[in-house]
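> Last residue of the sequence shown: 590 (our numbering), numbering continuous. C-beta: ideal position from N, C-alpha, C; glycine also.
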Amino acid sequence: MSLRRAFPVLRSALSRRAPLSTAPATREQHAAGLEAVRGRGAAEDARPPVPAVDFGNTQEAYRSRRSWELVRSLLVLRLCASPALLARHEQLLRLARRLLGQRLFDRLMKMTFYGQFVAGEDQESIRPLIQHNRAFGVGSILDYGVEEDLTPEEAEREEMESCTSASERDGHGTSKREKQFQAHRAFGDRRDGVVSTRTYFYASEAKCDSHMETFLRCIEASGGASEDGFSAIKLTALGRPQFLLQFSDVLTKWRRFFHQMAAEQGKAGLAAVDTKLEVAALQESVVKMGIASRMEIENWFTVETLGVSGTLDLLDWGSLIDSRTELSRHLVVPNMQTGQLEPLLSRFTEEEERQMTRMLQRMDVLAKKASEVGVRLMVDAEQTYFQPAISRLTLEMQRRFNVERPLIFNTYQCYLKDTYDNVTLDVELARREGWCFGAKLVRGAYMAQERARALEIGYEDPINPTYEATNAMYHRCLNYVLEELKHNARAAVMVASHNEDTVRFTLCRMEELGLHPADCQVYFGQLLGQAGYPVYKYVPYGPVMEVLPYLSRRALENSGVMKGAQREWQLLWQELKRRLRTGSLFHRPA
1 MSLRRAFPVL RSALSRRAPL STAPATREQH AAGLEAVRGR GAAEDARPPV
51 PAVDFGNTQE AYRSRRSWEL VRSLLVLRLC ASPALLARHE QLLRLARRLL
101 GQRLFDRLMK MTFYGQFVAG EDQESIRPLI QHNRAFGVGS ILDYGVEEDL
151 TPEEAEREEM ESCTSASERD GHGTSKREKQ FQAHRAFGDR RDGVVSTRTY
201 FYASEAKCDS HMETFLRCIE ASGGASEDGF SAIKLTALGR PQFLLQFSDV
251 LTKWRRFFHQ MAAEQGKAGL AAVDTKLEVA ALQESVVKMG IASRMEIENW
301 FTVETLGVSG TLDLLDWGSL IDSRTELSRH LVVPNMQTGQ LEPLLSRFTE
351 EEERQMTRML QRMDVLAKKA SEVGVRLMVD AEQTYFQPAI SRLTLEMQRR
401 FNVERPLIFN TYQCYLKDTY DNVTLDVELA RREGWCFGAK LVRGAYMAQE
451 RARALEIGYE DPINPTYEAT NAMYHRCLNY VLEELKHNAR AAVMVASHNE
501 DTVRFTLCRM EELGLHPADC QVYFGQLLGQ AGYPVYKYVP YGPVMEVLPY
551 LSRRALENSG VMKGAQREWQ LLWQELKRRL RTGSLFHRPA
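#1: Under a three-way DSSP split, which group does residue 141 fall into?
#2: My output table needs one value for residue 391: the three-state DSSP class, helix, strand or coil.
#3: Quick check: what's the CA-CA separation for residue 400 versus residue 239?
#4: Hey, out of 441, 496, 428, whose CA is closest to residue 316's CA?
#5: Please classify residue 99: is it buried, with 16 or more other beta-carbons within 10 angstroms of its beta-carbon, or exposed?
#6: Considering only the alpha carbon of each residue, which of 392, 193, 226, 289 lies closest to residue 249?
#7: If residue 414 sits next to residue 490, beta carbons under 8 Å apart, how far is it from one beta carbon to the other, in whole angstroms?
#8: Answer yes if the segment 221 to 238 comes into contact with the segment 136 to 148, meaning at least three C-beta pairs across the two stretches below 8 Å, and no otherwise.
#9: Taking contact to mean at least 3 C-beta pairs separated by less than 8 Å, is the segment 253 to 267 in contact with the segment 151 to 161?
#10: For residue 480, report the span of its alpha helix (DSSP H) as first-last.
#11: If you follow the beta strand (DSSP E) that residue 540 is part of, which residue opens it and which one closes it?
#12: Apart from the five residues on each side of it in sequence, which residues of its chain come closer than 7 Å, Cβ to Cβ, to residue 109?
#13: Just to confirm my understanding: we take residue 26, look at its own chain, exclude 5 residues before and 5 after, and list those with CB closer than 7 Å. What are they?
#14: Pick helix, strand or coil for residue 231, following the three-state DSSP scheme.
#15: Based on DSSP bridge pairs, tell me the residues matched to residue 376.
#16: Out of 190, 180, 218, state which residue places its alpha-carbon closest to the alpha-carbon of residue 591.
#17: Keeping to the same chain, check which residues put their C-beta closer than 8 Å to that of residue 521; ignore five residues upstream and five downstream.
#18: What residue does the beta strand (DSSP E) around residue 413 start on, and which one ends it?
#19: Throw me the rounded Cβ distance for the residue 549 and residue 533 pair, which I believe falls under 8 Å.
#20: Can you tell me whether residue 80 is buried or exposed, with buried defined as 16 or more other CB within 10 angstroms of its CB?
#21: Can you tell which of 581, 583, 403, 573 has its C-alpha closest to the C-alpha of residue 78?
#22: For residue 431, is the classification buried or exposed, using 16 other Cβ atoms within 10 angstroms of its Cβ as the cut-off for buried?
#23: Can you look up residue 459 in the DSSP assignment and give me helix, strand or coil?
#24: Quick one, which of 245, 439, 198 has its alpha-carbon nearest residue 147's?
#25: If we count Cβ pairs, one from each stretch, closer than 8 Å, do we get three or more for the segment 115 to 128 versus the segment 496 to 514?
#26: Please name the residue, chosen from 131, 396, 405, 441, that lies closest to residue 594 on a Cα-to-Cα basis.
#27: Please determine, among 542, 67, 487, 50, the residue with the shortest C-alpha to C-alpha distance to residue 577.
#28: With respect to 8 Å, is the separation between the Cβ of residue 98 and the closest non-hydrogen atom of the ligand GTP below this value?
#29: Report yes if the CB atom of residue 230 is closer than 9 Å to the CB atom of residue 375, and no otherwise.
#30: If I'm right that residue 575 touches residue 58 with Cβ under 8 Å, what's the distance once you round it to whole angstroms?
#31: Quick check on the DSSP output: the alpha helix (DSSP H) that includes residue 501 runs from which residue to which?
#32: Taking buried to mean at least 16 other C-beta atoms within 10 Å of its own C-beta, is residue 103 buried or exposed?
#33: Report the residue from 386, 407, 566, 547 whose alpha carbon sits nearest the alpha carbon of residue 178.
#34: Going straight from the alpha carbon of residue 464 to that of residue 416, what length do you get?
#35: Would you check if the distance between the CB atom of residue 555 and the CB atom of residue 113 is smaller than 9 Å?
#36: Does the Cβ of residue 89 have 16 or more other Cβ atoms within 10 Å, making it buried, or fewer, making it exposed?
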C-alpha cells in the first residue's frame, strides 16, 4: 500500500485545509488579525509601563527563592562541574542506595539533585510549585521526567527495527531512499551526544499509547493548575519512526525537485518564499521528462488549485503532494546519480498503514485535549531526518486547531541552514489560510550528532558552519516573526533561549515595533524571571527512581564546561553573598 493512500488518512485524522492560492493574502483573510491589532492599539493607554530589565539584578531574579534553595543550587551545580563525579555518577548512585536504603536515598535525592531538577512525584505534589511560580510571574511547561533506561545495545536494536520498513527488510526498498533518511546502525542510539533533550525509542503500539496517556496527563495537569500553561510533546513518542523517515524523504525530494525546476527557469538563488515557477514552462518540462503526457497534465494545474497568476510557488507545490488529482499517482523525481525517474512514494503494508493511522490519531487526541482545557501544545523539534515530517504534521494540526488563537506551536531549530526559509514559508502559509501562527525558536540540541552522522554517511552537513552563523540565523528568524506579530495580533512566538544577547535583541525589537509584554504575543525562557514579561519554565515531575535517567542527563547538561551553568553559579553566589551582607539570609518569598 502506497504513501499516496496515507494522505487521505492524514486529511481525515487532522482535517483538510483550505485550498491554496498564489494570490497575495486578502484583506478578508487578515480581518481578524487586523481587528485585533486595532483593538490592541485602542487599549495601549491602559497598559502598564514597559518593565525595565537588569540581568545583573540578582535580588529580583531570585526573589521567589529561599536561601536554602540557593545553597542547594550552588551545591548541585558545583557537583555537576566535577568531571570525576560525572564519570562515575551511576556507580555512586547505586552505592548510595545500597548503603542508605530506599527511604534515606529518596530523602537525600530530594535534598540535592532531585530537588533541584524535579518538581515532585505526581500531578498533585507539583501543584503548589506551579501556583508559587505563577504568583511570581512564571508560567509552567509540564514535563513528565520518566525516561527509559536502555543500554546502548538495546537502544540501537529498537531503533533499527522501528526505522526499517517491511520492504527494506526484504531487500527491495533500501536503495530508493536517500542515505540521510535511512536507518544506520552506527547512529542507532539517538541519545549519543545529546544531553539537553529526551529521546524516545519505539517498542510497540502499546508503548506509544502509554506515551500518549502520559502526555494527556501533563496536558490535564497543566490545565488544572493554571489558565495559561504549555505542554510539550515529541512525535517520535507517538508512533513508529519509520513513517517519519519515509515522509521526510518524500517531502525533501519533492522540494528539491521544485528548486531544480526553478533553476531550469533561471530562478535559482531567490528566497524560498519568493521563488515562483511559470506553469506553462513547468508543464513542458514534465512532458519532456516523460512523467506524463500533455493530455494527462491538463487538469493538474487549474484555476481552482493554483489561482489565475500562471505561476506556482513552493507552497502551491507542497499542496500538490497530497492532491486529490491524478497527479499523485504520477509523483516521480529524477535520480541525479542515475538520471532515471523514480517513484516518489514508498509502499506500506496494511499493518504499517494501520500503525501510521494510529500515530495520526494519537496526535489528534492530544490536540483535542489541549484545546478542551486551554493548554498550548509545543511540538518539539527532533533530528533532521525526522524533522520535515514532524513540521508538516504539525502544520496540519495548526490548520485545524489554530483558528482563534495559536494553540499548537511548531519548533524551529536555528542552527540549521534552512530554518529561515522554513519560517518564512510557514508564516506565509498561515497568512494565506487564515490560521494563527505559533512558533518556538531554539538553537538546537543535536549539533554534534548531526554533524558526525552527515560526515560518516556522506551527505551535506545541515548545521550552520559557526556559532556566530547560528546566532545570526536565530536573530534573523526572530526579527521576521516579530515583524509579523506587529501586523498580526493573533500570532505568537516563544523565545526559547537563555542567551542574554538574544533576549536583549528581542526586548529592543519589541520596543521598536511597539510589542508590549502585556499583549502576551512574545514568551520567554527563565532569564526574565520576575521582570514583568510572559515567562515559562519547564516543570518536570515523576517518582525518584524512575527519573534517575533524566537526572543523569540534567547533571551532564549543567556540567561546569557549559557557560550557562557557570553564569548561573556566579549569579547564585552573588545573591547569597548579598543576603549575608544585608542580613536577609532568612528571606521568605513574598
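On the basis of the data shown:
#1: strand
#2: helix
#3: 21 Å
#4: 428
#5: exposed
#6: 392
#7: The pair is not a contact, with the Cβ atoms about 23 Å apart (cut-off 8 Å).
#8: yes
#9: no
#10: 467 to 487
#11: 535 to 541
#12: 544
#13: Only weak support is given to the placement of residue 26: the predicted model assigns it a pLDDT of 42, under 50, and the question is left unresolved by the model.
#14: strand
#15: 230
#16: Because the chain is modelled from 1 through 590, residue 591 falls outside the range shown and cannot be assessed.
#17: 485, 489, 491, 492, 493, 515
#18: 408 to 413
#19: Between residue 533 and residue 549 the Cβ distance is about 33 Å, and since that is not below 8 Å, they are no contact.
#20: buried
#21: 573
#22: buried
#23: coil
#24: 198
#25: no
#26: Residue 594 cannot be examined here, being either before or after the span of the chain that is shown, 1 to 590.
#27: 67
#28: With respect to the ligand GTP, the structure shown offers nothing to examine, as it has no ligands at all.
#29: yes
#30: 4 Å
#31: 500 to 513
#32: exposed
#33: 386
#34: 6 Å
#35: yes
#36: buried
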